[in-house]
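Chemist: Numbering (our numbering), first residue to last: 2 to 142.
Quick reminder that beta carbons are idealized off the backbone N, C-alpha and C, glycines included.
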């Protein structure tokens with residue numbers, strides 16, 4: 002009889018522990034997909050450099066709205082990464098790669114813009130040269 006009570010108590014303790022674990026993990030807040038989290042985080046980091054610190058909350062709200070992610074989901078996901086060094090390290094690598102990709106795209110965009118400006122200048126110069134020749138031809142009888 003004593004054995005049965007001990008077995009029941011152990012089973013109840015295990016059931017209680019499992020119930021607590023399940024309740025903690027299933028808060029009803031959906032985590033953000035890793036790739037989407039990387040995009041959101043990069044947007045926030047990038048845009049934070051160009052806005053005033055007091056507008057940061059508004060920036061975060063705006064970025065989250067753009068990606069259709071709730072604050073709760075974003076912060077729950079961030080917290081899960083913060084609590085697990087291995088997860089954070091993996092996400093951090095993705096964040097760095099994305100920021101480098103964006104920097105490369107920005108550099109390419111600036112180079113293309115400079116190249117387009119150079120083409121415009123050349124075209125303008127050629128057009129002006131043609132107009133001078135045309136004007137000279139019109140002056141001769």
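Pairs of beta-carbons, one from the segment 86 to 103 and one from the segment 51 to 58, closer than 8 Å: are there three or more?
Modeler: no
Chemist: Just the Cα atoms here: how many angstroms apart are residue 35 and residue 5?
Modeler: 48 Å
Chemist: Apart from the five residues on each side of it in sequence, which residues of its chain come closer than 8 Å, Cβ to Cβ, to residue 70?
Modeler: 33, 37, 41
Chemist: Is residue 70 helix, strand or coil when you go by DSSP?
Modeler: Residue 70: coil per DSSP, three-state reduction.
Chemist: Which two residues bound the contiguous alpha helix (DSSP H) that contains residue 35?
Modeler: Counting along the chain, the alpha helix (DSSP H) containing residue 35 begins and ends at 35 to 49.
Chemist: Could you check if residue 78 is buried or exposed, using at least 16 other CB atoms within 10 Å of its CB as the buried criterion?
Modeler: buried
Chemist: With a cut-off of 8 Å on the beta carbons, I'd call residue 82 and residue 92 a contact; round off their distance for me.
Modeler: 5 Å
Chemist: Going by DSSP in three states, residue 84 sits in which element: helix, strand or coil?
Modeler: coil
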